[in-house]
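K.L.:
For reference, each letter of the sequence shown is one residue, going 16 to 226 in our numbering. My questions all concern the structure below.
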Amino acid sequence: MCKLVSVKPMSKTLILIFTRNPELGKCKTRLAKTVGNENALIIYKMLLEHTEKVVRQVQVDKAVYYSVKIRENDLWDATIYQKHQQNGADLGIRMQNAFKKSFEVGYEKVLIVGSDLYDLKPKHITGAIKKLESNDVVIGPALDGGYYLLGMKKLHSHIFENKQWGTETVRADTLADLQNKKVTQLETLNDIDVFEDVKKYDIFKPYFAQN
Numbered sequence: 016m017c018k019l020v021s022v023k024p025m026s027k028t029l030i031l032i033f034t035r036n037p038e039l040g041k042c043k044t045r046l047a048k049t050v051g052n053e054n055a056l057i058i059y060k061m062l063l064e065h066t067e068k069v070v071r072q073v074q075v076d077k078a079v080y081y082s083v084k085i086r087e088n089d090l091w092d093a094t095i096y097q098k099h100q101q102n103g104a105d106l107g108i109r110m111q112n113a114f115k116k117s118f119e120v121g122y123e124k125v126l127i128v129g130s131d132l133y134d135l136k137p138k139h140i141t142g143a144i145k146k147l148e149s150n151d152v153v154i155g156p157a158l159d160g161g162y163y164l165l166g167m168k169k170l171h172s173h174i175f176e177n178k179q180w181g182t183e184t185v186r187a188d189t190l191a192d193l194q195n196k197k198v199t200q201l202e203t204l205n206d207i208d209v210f211e212d213v214k215k216y217d218i219f220k221p222y223f224a225q226n
């Protein structure tokens, strides 16, 4: 069991980051079909580092949710990030549980951001937080039909249920569930899952040059 440093709540807003443990052959599996497991792992670690750098700059509370096992001495500094284990049968239920827990401990705005967007900038998160002042839900659309950011001021449990996660219908189905709520959307960004998503970035080219 990891002994983690307790992070004192500093704000009423919390950013959640869901992450897969970066292990060979267990992350970015669709990308790995083209670039290989080792290169896919390198790219995913670079994406995690980018995400951490971006989120660190936003002055609100932060929590990282691990897919497999909570790590103590890793990229996510335990004096800055609360650390939790994801819990649930699928991605939707795991997100639902994370949002539920966050609201139960007193947060008034909770946002989740993806960990595989090289285009993510602090302005996307700070903009989403501001938009929540006058909206029920804020969504950051991803080019693949999903979303890279989801924020709300209270738990809307049903939006995490009955979705085909990882498909192009996720965002449309989520918006359909929210048709009676005030929803705003951010700039559309590129969510990196497959080779087509990654090939436009020069920084990643050394890891797929052979392709």
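The beta carbon of each residue, even a glycine, is placed where N, CA and C say it ideally should be.
1) Determine the extent of the beta strand (DSSP E) in which tyrosine 80 is found, giving its start and end residues.
2) Restricting to Cα atoms, I'd like to know which of Ser26, Asn54, Tyr59 and Leu193 is closest to alanine 206.
3) Relative to the C-alpha of serine 149, which residue among Gln101, Ala157 and Thr199 is closest?
4) State the beta-bridge partners of tyrosine 96 as determined by DSSP.
5) State the start and end residues of the unbroken beta strand (DSSP E) segment that holds glutamine 200.
6) Cα separation between glutamine 222 and glutamate 53?
7) Which of the three DSSP states is assigned to phenylalanine 210 in this structure?
8) Which runs of the beta strand (DSSP E), 3 residues or longer, sit entirely within the segment 123-171?
9) For phenylalanine 219, count the other beta carbons within 10 Å of its own beta carbon; 16 or more makes it buried, fewer makes it exposed. Which is it?
10) Just the Cα atoms here: how many angstroms apart are glutamine 179 and glutamine 100?
11) Distance check for asparagine 102 and phenylalanine 114, CA to CA, integer angstroms please.
12) Quick one, which of Asp134, Thr66 and Val185 has its alpha-carbon nearest lysine 215's?
13) My understanding is that glutamate 64 touches tryptophan 91, with C-beta atoms under 8 Å, so please give their C-beta distance in whole angstroms.
14) With a cut-off of 8 Å on the beta carbons, I'd call valine 152 and lysine 196 a contact; round off their distance for me.
P.N.:
Looking at the atomic coordinates:
1) Annotation: the continuous beta strand (DSSP E) that includes tyrosine 80 extends over 76-81.
2) According to the sequence displayed, residue 206 carries aspartate and not alanine. For the options Ser26, Asn54, Tyr59 and Leu193, the alpha carbon positioned closest to that of aspartate 206 is the one of Tyr59.
3) It is Thr199.
4) BP columns for tyrosine 96 point to Lys77.
5) In this chain, the beta strand (DSSP E) harbouring glutamine 200 covers 198-200.
6) Per the sequence shown, residue 222 should be read as tyrosine rather than glutamine. Computed Cα separation, rounded: 9 Å.
7) Three-state result, phenylalanine 210: helix.
8) Runs of the beta strand (DSSP E) inside the segment 123-171: 124-128, 152-156 and 162-167.
9) Flag for phenylalanine 219 reads buried.
10) Rounded to whole angstroms, glutamine 179 to glutamine 100 spans 22 Å at the Cα level.
11) If you take the alpha carbons of phenylalanine 114 and asparagine 102, they lie about 11 Å apart.
12) The option with the nearest alpha carbon to lysine 215 is Asp134.
13) Going by Cβ atoms, the distance from glutamate 64 to tryptophan 91 rounds to 11 Å, so no, they are not a contact pair.
14) Rounded, the Cβ-Cβ distance is 6 Å, consistent with contact.
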